[in-house]
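K.L.:
Okay, so the sequence shown: first residue is 39 according to the working numbering, each after it adds one.
By construction, the Cβ of each residue, glycine as well, lies at the ideal position given by its N, Cα and C atoms.
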Amino acid sequence: MAESQEVAGYVSPYPYVQRLQDRMDEILDRQVPNSGRFCGFCFARLARDTERCPYCGADTNQPPTVERVPREALIIYRTKKRTEERWVYGGAMIGLLIAAGVFVALVVYGTDLVGSRPIALGIAFLALIGGGYVLAQLFGPLICGQVGYRRGSRRRDELWGRFLEERESGESP
39 MAESQEVAGY
49 VSPYPYVQRL
59 QDRMDEILDR
69 QVPNSGRFCG
79 FCFARLARDT
89 ERCPYCGADT
99 NQPPTVERVP
109 REALIIYRTK
119 KRTEERWVYG
129 GAMIGLLIAA
139 GVFVALVVYG
149 TDLVGSRPIA
159 LGIAFLALIG
169 GGYVLAQLFG
179 PLICGQVGYR
189 RGSRRRDELW
199 GRFLEERESG
209 ESP
């Protein structure tokens, strides 16, 4: 089994799930097909001659390999991805709204501060364009992306734990 690794302040209890996230995202984005030979435990793609999964360490005979990643497992990975996306996009929108507020304030009060209407409007547009970009990058991926990553990873791991319990009890494939 792989050792736990902290990413964005979060340590996954299932490190193989964390390492498989990018591979499952490729399947979800239809960059690679959901067919082939997959580990029966963690659903990592395996070569034909592989006898032990490089992600979870499970023997490929027990549980036996599968030809497709189950829909339930893909939904678990998609949950993490969507949670993270919502936080990143929401943070970027906050940054853009702040830049728009600064723009409006400079348009309304800029002439009083600078003394020249054209210069005030130029500064306002620079604040809108440059500030919008910088603040969207700051609030989107740098601040809110970290929160989204932790929340999405935590939720994915909760769902994965439940999936494993259901699979062991025979309730789910």
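In terms of DSSP beta bridges, what is D67 paired with?
P.N.:
Note: D67 sits in no beta bridge, so no partner.
K.L.:
Who are the near neighbours of L176 in its chain, counting only those whose CB is closer than 7 Å to its CB and skipping five residues on each side?
P.N.:
Counting only Cβ-Cβ distances below 7 Å, and skipping sequence neighbours, we find G133.
K.L.:
Taking C-alpha atoms, which residue in Y54, V107, Q56 lies nearest to V70?
P.N.:
V107
K.L.:
Should G183 and E122 be called a contact, given that it needs their Cβ atoms to be closer than 8 Å?
P.N.:
yes
K.L.:
Does the distance between the C-beta of F76 and the nearest non-hydrogen atom of the ligand NAP fall short of 7 Å?
P.N.:
The model depicted lacks the ligand NAP and carries no ligand whatsoever.
K.L.:
Going by alpha carbons, who is nearest to F141 out of G153, Y52, G170, P51?
P.N.:
G170
K.L.:
Look at the alpha carbon of L159 and the alpha carbon of V172, and state the distance between them as a whole number of angstroms.
P.N.:
Approximately 19 Å between the Cα atoms of the pair.
K.L.:
Sorted by chain position, which residues of the same chain lie with C-beta nearer than 7 Å to Q100's C-beta, five sequence neighbours on each side aside?
P.N.:
none
K.L.:
Can you give me the Cβ contacts of I161 inside the same chain, cut-off strictly under 8 Å, excluding the 5 residues immediately before and after it?
P.N.:
L144, G148, V152
K.L.:
Just how far apart, CA to CA, sit P179 and D195?
P.N.:
P179 and D195: Cα-Cα distance of roughly 22 Å.
K.L.:
Between L66 and R57, what straight-line distance do the alpha-carbon atoms span, to the nearest angstrom?
P.N.:
15 Å
K.L.:
If you follow the alpha helix (DSSP H) that Y187 is in, where does it begin and where does it stop?
P.N.:
183-207
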